[in-house]
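Trainee: Have a look at this one.
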Amino acid sequence: MTAPEEPPAASLDRDDLTPERQVALEELLFRLADDEFVHAERLTEWQIFAPTIESDLALANVAQDEFGHARLWYDLLQELGYTEEECIWRRPADDWTHATLVERPFADDGWGDAVARTYLYDVAERLRLEALVDTSYAPLADRVGKALAEEEYHREHAVSWVERLASDGDARERLQAAVEDLFPHALSLWYPGEHEAEIRAAGLRRESLASMREEWIDTVIPTLEGYGLVVPEPDEVDRPEVRGRDGSHTDKWFDLYEAFTATHREVDFDRPARLRGEEA
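Counting from 1, one number per residue, gives the positions in the sequence shown under full-length UniProt numbering.
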């Protein structure tokens, strides 16, 4: 029996990046980081409101993990010359490239929304991370394993709640409504960016977004249908007017952005004397 081939070793480091490769890498990293950060920001809204203590703790842990994953990718961007403020706190709201799925506020009776959203997102995130295991960029390859292990836990938690809600009449109706509402926005996870061709050519990610999209569809639709839910046909859904990936966002995103950057602006990290209490 022939042994399976090992994935090619990551061969690129920062010094090996041409301007074209660096721009492509930045696009890849900002998408990963922005998705995780904004998803985590929304998940924190559920803390103390989840239906059980166990689910409250689990969702808090998921949010903490996602913030940690965002930090992994933002740290790589800082190694490329960005500051934390440029990545997050003082970056213009319309420069963010996360998918619209993660920015939308939860529905009013939204535990079904939270469950559907985390399931659709976590399956996608696992696929995206698996596609980076054999990335050509060594600093990225060094970080993928940690995030991938945690995303598997997130996916399992989401699936367990899909199964639980789908078995209850009223909860199932709310879950079904959430799937119908969120599925078109979940498709925005797979919109290609301006530098997708260079990402592939440089080996930063060896699998195409199109092939990952198909694998995602082939995973989530049978799973959800297996629990008696109806999933919109991907090629027939109405595409959202805004996509997130191109910098276009819903109005609710700008509200969220103002909320999570407010304290940073008020504290004013650019004035150390104020932080030390030395200013009147």
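Ideal Cβ placement from N, Cα and C applies to all residues, glycine included.
Treat the numbers as computed from the prediction; the structure is a model and nothing was measured.
(1) Run through the region 146 to 215 for me and flag every whole alpha helix (DSSP H) of 4 or more residues, listed as ranges in chain order.
(2) Would a C-beta distance cut-off of 7 angstroms place Y121 and V162 closer than the cut-off?
(3) Tell me where the alpha helix (DSSP H) around Y121 begins and ends.
(4) Would you mind sorting V267 into buried or exposed? The rule is 16 or more other CB atoms within 10 Å of its CB.
(5) In angstroms with no decimal places, state the Cα-to-Cα distance between T18 and S136.
(6) Buried or exposed: which applies to R276, given that a residue is buried once 16 or more other Cβ atoms fall within 10 Å of its Cβ?
(7) Which residue or residues does DSSP assign as beta-bridge partners of Y137?
(8) Whose C-beta lies closer than 6 angstroms to the C-beta of T52 among residues of the same chain, with five residues either side of it excluded?
(9) Report buried or exposed for A210, applying the criterion of at least 16 other Cβ atoms within 10 angstroms of its Cβ.
(10) Near A178, what residues of its chain come up, given a Cβ to Cβ distance below 8 angstroms and the 5 sequence neighbours on each side ignored?
(11) What is the rounded straight-line gap between the Cα of R91 and the Cα of E85?
(12) Could you compute how far the alpha carbon of G81 sits from the alpha carbon of D56?
(13) Which same chain residues, not among the five before or five after L165, have their C-beta less than 8 angstroms away from its C-beta?
Mentor: On the basis of the coordinates in this document:
(1) 169 to 186 and 196 to 201
(2) Position 121 of the sequence shown, counted from the start, is the residue given in the question as residue 121. Position 162 of the sequence shown, counted from the start, is the residue given in the question as residue 162. Cβ atoms of Y121 and V162: not closer than 7 angstroms.
(3) Reading the sequence shown from its first residue, position 121 is the one you call residue 121. Unbroken alpha helix (DSSP H) run through Y121: W111 to E130.
(4) Along the sequence shown, read from residue 1 onward, the residue named residue 267 stands at position 267. Flag for V267 reads exposed.
(5) Locating residue 18 in the sequence shown gives position 18, counting from the first residue. Locating residue 136 in the sequence shown gives position 136, counting from the first residue. Just so you know, the alpha carbons of T18 and S136 end up roughly 13 angstroms apart.
(6) As a working note, residue 276 is residue 276 in the sequence shown. For R276, the predicted structure reports a pLDDT of 43, less than 50, and the residue's modelled location is therefore unreliable. A value from the coordinates is still provided. Looking at its Cβ environment, which holds fewer than 16 other Cβ atoms inside 10 Å, R276 is exposed.
(7) On the sequence shown, residue 137 is found 137 positions in, with the first residue counted as 1. DSSP lists L12 as partners of Y137.
(8) Indexing the sequence shown from 1 puts residue 52 at position 52. Cβ neighbours of T52 beyond the five flanking positions: none.
(9) Position 210 of the sequence shown holds residue 210. So A210 ends up on the exposed side.
(10) Your numbering for residue 178 matches position 178 in the sequence shown. Hits under 8 angstroms: A107, G110, G112, D113, V115, A116 and R117.
(11) Reading the sequence shown from its first residue, position 91 is the one you call residue 91. Reading the sequence shown from its first residue, position 85 is the one you call residue 85. R91 and E85 have their alpha carbons spaced roughly 7 angstroms apart.
(12) Here the question's residue 81 lines up with position 81 in the sequence shown. Here the question's residue 56 lines up with position 56 in the sequence shown. If you take the alpha carbons of G81 and D56, they lie about 37 angstroms apart.
(13) What you label residue 165 is simply residue 165 of the sequence shown in a count that begins at 1. The answer, listed in chain order, is W111, G112, V115, A171, R172, R174 and L175.
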